[in-house]
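Asks: Residue numbers (my numbering), protein chains in the order written: chain A, 8 to 327; chain B, 456 to 825. Idealized CB from N, CA, C, for every residue including glycine. Values in this document were obtained by computation on a predicted structure and should not be read as measured data. Supplied in structure tokens, the structure appears directly below.
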């Protein structure tokens, strides 16, 4: 009974924390991009624009709930939910610090990757059910892209898993503590592959093809408005946080860091670094083309990831 | 097993972020590959040519501002020059220099807008804001001399409306320095980008023959190796007094057009610099009669004049029957001619290339529909 209460409490706290994090991730993004584009970014609501996203969310929630007449109603309603739920569910396994963690799952990494793939279904459903040609094109692009880039993403993680010998998030960090080195050093190739495929997974610039606003208006969520749209946006940002958390755990030593700050602060700081990196890219790069994107994924990233696995395996065997 | 597939008709525009206004493309797509493209225009049609017949000569000048609103100075100029040709008036020296300086400033502003929006089309967000910041330098100078930021209504038949305010020429010189640095910086920032190059090099090829057969002009023609710049080949106004090059490239792809436009901005800066040096410090700014008479009555006849606008060759054909209103005004709008190539160029491309190609034509809808 106590366990159940703890689980529910953890889930509620996590949900609240995540919603807050997303709110300020959006503000952070807008500020970062604003400064990079020689403009101040949002600064009207609250000091330093701190209430901007809250105002935006309020607006979205109060909007009229529009379902296009030509849409496939059931699928249309279900799509944002299917897109959002897995993005939240994957946080269950992430270990924030030595003592703060959700489920201490043996197959944490596998669970993370598996569950996060479900979101693609939400994207496809959203694009398909809107009965809008641009949305459909966006959804097709999105699915093709996410599926092609999931392979190098998973393959790049396998390198880490071979080295550590465990799929558990905490074990991965403990291993890094043990060898006294973050895995970004022995697994640098994997890190590069991971970062590139993660951007494609997140549909972020320069691989934001599914929602390319200059071509497809805004891709699969063109027809969504109000809180349904908010759910898609939310899922997107939660994923950005999740992928950052995964990268922090796998390559940057999770909560490890000099002792003057508690572990969780280090973890969050490292996460922010990744978030910043993604916002930075968005302000810098133009959008890649579909065929280049696919070619790059299959012809460059997958061979690189495979090479990394081979090298890692050889090292592992050689070192015993 | 074979899957039944069918062509999808995709209606791009008239409200679409990348058609730069109310342009519509009826696309037949197979997956994302375009099999047929049909441009539909006329959503912004205002009947400018017909309107001209109902106004006295001077009254039509503000309407030319609204053709290519990004490059209104040249439109002002070409209409005035057409009427001046009918009248056979000599334009005061200082007015000619002011015309050239404002036209070239406006050309830079227009190219900067193109540069920013083009990269926005390709998916880079930041260049747009940088471009608009610098465009504002140009617009500020133009604002100071004409009183408007985009629809200048600055030129008059026989000269210009206002003389340059005190210290304006010096300010322009300063701006030229600033712009030169900034444009060079932007070039360094974007041109070498791997994704940008992958998206532009070899995309949207136009051969020399295509350019000539379709009557394309401006940076599009020069990007395909057709060395036509009316400022050089058929100098109007006082362009024969300046030393500048006409950038041309042979490749004919989107990247070539991009490079031509960037180089052209630098050439324009050169022209402005020279004009600022050479401009007489005093003198009339408008032909004596032009300043005095409201009702201009050119002798019966017809005249065609052409000039190099930022989008290509702009021409005006004015027919006068010795009354206060023109009998007929025909405008040759470069965007209208340039956009016609689209149906040929787009077949076989995908939607992402469509945006890159359409953007590279630098079309302004106010000019397409007139």
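Which ranges would you report for the beta strand (DSSP E) in the stretch 607 to 657 of chain B if only whole runs of at least 3 residues count?
Replies: Runs of the beta strand (DSSP E) inside the stretch 607 to 657 of chain B: none found.
Asks: Go to residue 466/B, then tell me how far its beta strand (DSSP E) extends in each direction, as first and last residue.
Replies: For the purposes of this step, residue 466/B is taken as the residue at position 11 of the second chain. First-last of the beta strand (DSSP E) with residue 466/B: 463 to 467.
Asks: Taking the continuous alpha helix (DSSP H) assigned at residue 768/B, which residues delimit it?
Replies: As a position in the second chain, residue 768/B is number 313, starting the count at 1. Here residue 768/B belongs to no alpha helix (DSSP H); instead the beta strand (DSSP E) covers 768 to 775.
Asks: Which runs of the alpha helix (DSSP H) spanning at least 4 residues fall entirely within the stretch 27 to 70 of chain A, listed in chain order?
Replies: Fully enclosed alpha helix (DSSP H) runs of 4 or longer: 59 to 69.
Asks: Measuring alpha carbon to alpha carbon, tell me which of 464/B, 577/B and 627/B ends up nearest residue 599/B.
Replies: Working through the second chain from its first residue, we reach residue 599/B at position 144. When each option's Cα is compared against that of residue 599/B, the closest is 627/B.
Asks: At a threshold of 6 Å, does residue 218/A count as lining the ligand MG (C-beta to nearest heavy atom)?
Replies: Among the components of this structure there are no ligands whatsoever, and the ligand MG is therefore not found.
Asks: List in chain order: all unbroken alpha helix (DSSP H) runs of 4+ residues lying wholly within the stretch 195 to 247 of chain A.
Replies: Those alpha helix (DSSP H) runs which fall completely within the stretch 195 to 247 of chain A and span 4+ residues are 195 to 208 and 220 to 223.
Asks: Residues in its own chain within less than 7 Å of residue 510/B by CB, not counting five upstream and five downstream?
Replies: The residue given as residue 510/B occupies position 55 in the second chain. Once the five neighbours on either side are set aside, the close Cβ partners of residue 510/B are 780.
Asks: In the DSSP output, what is residue 670/B paired with across the bridge?
Replies: By one-based count along the second chain, residue 670/B stands at place 215. For residue 670/B, which the question treats as bridged, DSSP gives no partner whatsoever.
Asks: Can you give the Cα-Cα distance for residue 71/A and residue 317/A, rounded to whole angstroms?
Replies: Taking the first residue of the first chain as position 1, residue 71/A is located at position 64. Taking the first residue of the first chain as position 1, residue 317/A is located at position 310. Roughly 54 Å between the two C-alpha positions.
Asks: Any beta-carbon of chain A closer than 7 Å to the one on residue 584/B?
Replies: Sequence index remark: in the second chain, residue 584/B carries index 129 (1-based). Answer yes: the Cβ-Cβ gap between residue 584/B and chain A drops below 7 Å somewhere.
Asks: Using 7 Å as the threshold, is the C-beta distance between residue 73/A and residue 320/A below it?
Replies: Here the question's residue 73/A lines up with position 66 in the first chain. Here the question's residue 320/A lines up with position 313 in the first chain. For residue 73/A and residue 320/A, no; Cβs fall outside 7 Å.
Asks: Go ahead and pull the three-state DSSP assignment for residue 521/B.
Replies: Taking the second chain and counting its residues from 1, the one referred to as residue 521/B is at position 66. Residue 521/B falls in the coil class under three-state DSSP.
Asks: Grab me the residues of residue 484/B's own chain with a C-beta within less than 6 Å of its C-beta, minus the 5 sequence neighbours each way, in chain order.
Replies: In the second chain, counting from the first residue as 1, residue 484/B sits at position 29. Closer than 6 Å at the Cβ level, and outside the excluded window around residue 484/B, lie 463 and 465.
Asks: For chain A, is any of its Cβ atoms less than 7 Å away from the one on residue 651/B?
Replies: Reading the second chain from its first residue, position 196 is the one you call residue 651/B. It does: the Cβ of residue 651/B has a partner Cβ on chain A nearer than 7 Å.
Asks: Residues of chain A with a CB under 7 Å from the CB of residue 579/B: which are they?
Replies: Counted from its first residue, the second chain places residue 579/B at position 124. Here the neighbours are 292 and 293.
Asks: Would you kindly work out how many angstroms separate the C-alpha atoms of residue 682/B and residue 703/B, rounded to a whole number?
Replies: The residue labelled residue 682/B in the question sits at position 227 within the second chain. The residue labelled residue 703/B in the question sits at position 248 within the second chain. Straight-line Cα distance between these residues: approximately 6 Å.
Asks: Can you check DSSP and say which residues form a bridge with residue 483/B?
Replies: In the second chain, the residue the question calls residue 483/B occupies position 28. The partner list for residue 483/B (beta bridge, DSSP) reads 464/B and 491/B.
Asks: Would you kindly report the start and end of the unbroken alpha helix (DSSP H) that includes residue 157/A?
Replies: By one-based count along the first chain, residue 157/A stands at place 150. Element bounds for residue 157/A: 140 to 171.
Asks: Residues bridged to residue 761/B by DSSP?
Replies: Counting from one through the second chain, the residue named residue 761/B turns up at place 306. In DSSP, residue 761/B forms a bridge with 770/B.
Asks: Consider the Cβ of residue 213/A: report whether some Cβ of chain B lies at a distance smaller than 7 Å.
Replies: The sequence position of residue 213/A within the first chain is 206, counting from 1. Yes, because at least one Cβ of chain B sits closer than 7 Å to the Cβ of residue 213/A.
Asks: Can you tell me whether residue 102/A is helix, strand or coil according to DSSP?
Replies: Position 95 of the first chain, counting from 1, holds the residue named residue 102/A. Strand at residue 102/A.
Asks: Flag this pair as touching only if the stretch 724 to 733 of chain B and the stretch 693 to 701 of chain B have three or more C-beta atom pairs under 8 Å; answer yes or no.
Replies: Verdict: yes, contact present.
Asks: With residue 294/A as the anchor, note down where its beta strand (DSSP E) starts and where it stops.
Replies: The count along the first chain starts at 1 and reaches residue 294/A at position 287. No beta strand (DSSP E) contains residue 294/A, which DSSP labels as neither H nor E.
Asks: Which residue wins for smallest C-alpha separation from residue 233/A, given the options 17/A, 24/A and 63/A?
Replies: Taking the first chain and counting its residues from 1, the one referred to as residue 233/A is at position 226. Residue 233/A has its Cα closest to that of 63/A, out of 17/A, 24/A and 63/A.
Asks: Short of 7 Å in beta carbon distance, which residues of its chain neighbour residue 155/A, apart from the five on each side in sequence? Order them along the chain.
Replies: For this step, residue 155/A is matched to residue 148 along the first chain. Taken in chain order, the residues that qualify are 301, 304 and 305.
Asks: For residue 465/B, would you say it is in contact with chain A, using Cβ-to-Cβ distances shorter than 7 Å as the test?
Replies: Reading the second chain from its first residue, position 10 is the one you call residue 465/B. True, the Cβ-Cβ gap to chain A drops below 7 Å.
Asks: Roughly how many whole angstroms lie between the Cα atoms of residue 645/B and residue 708/B?
Replies: If you number the second chain from 1, residue 645/B lands on position 190. If you number the second chain from 1, residue 708/B lands on position 253. Taking the straight line joining both Cα atoms gives about 17 Å.
Asks: Residue 140/A versus chain B: which residues are under 9 Å apart at the beta carbon?
Replies: In the first chain, the residue the question calls residue 140/A occupies position 133. Under the 9 Å cutoff, chain B gives 463, 464, 465, 466 and 484.
Asks: Below 7 Å CB to CB, which residues in the same chain sit around residue 132/A once its five sequence neighbours on both sides are set aside?
Replies: On the first chain, position 125 is the one that residue 132/A refers to. Only 82, 85, 86 and 89 meet the Cβ criterion.
Asks: Using only the alpha-carbon positions, how far apart do residue 201/A and residue 39/A sit?
Replies: Locating residue 201/A in the first chain gives position 194, counting from the first residue. Locating residue 39/A in the first chain gives position 32, counting from the first residue. Those two C-alpha atoms are separated by around 23 Å.
Asks: What residues in its chain sit with their C-beta under 8 Å from that of residue 632/B, if we drop five residues either side in the sequence?
Replies: For this step, residue 632/B is matched to residue 177 along the second chain. So no residue of the chain qualifies.
Asks: What residues match up with residue 741/B in a beta bridge as DSSP calls it?
Replies: Walking along the second chain from the start, residue 741/B turns up at place 286. In DSSP, residue 741/B forms a bridge with 614/B.
Asks: Ignoring anything shorter than 4 residues, give me the alpha helix (DSSP H) runs that lie fully in the stretch 669 to 716 of chain B, in order along the chain.
Replies: Runs of the alpha helix (DSSP H) inside the stretch 669 to 716 of chain B: 674 to 678 and 685 to 688.
Asks: Does the stretch 101 to 116 of chain A come close enough to the stretch 249 to 261 of chain A that 3 or more CB-CB pairs lie under 8 Å?
Replies: Enough Cβ pairs lie closer than 8 Å, so yes.
Asks: Label residue 744/B either buried or exposed according to how many other C-beta atoms from any shown protein chain fall within 10 Å of its C-beta, with 16 as the threshold for buried.
Replies: By 1-based counting over the second chain, the position of residue 744/B is 289. Exposed, since its Cβ has fewer than 16 Cβ neighbours within 10 Å.
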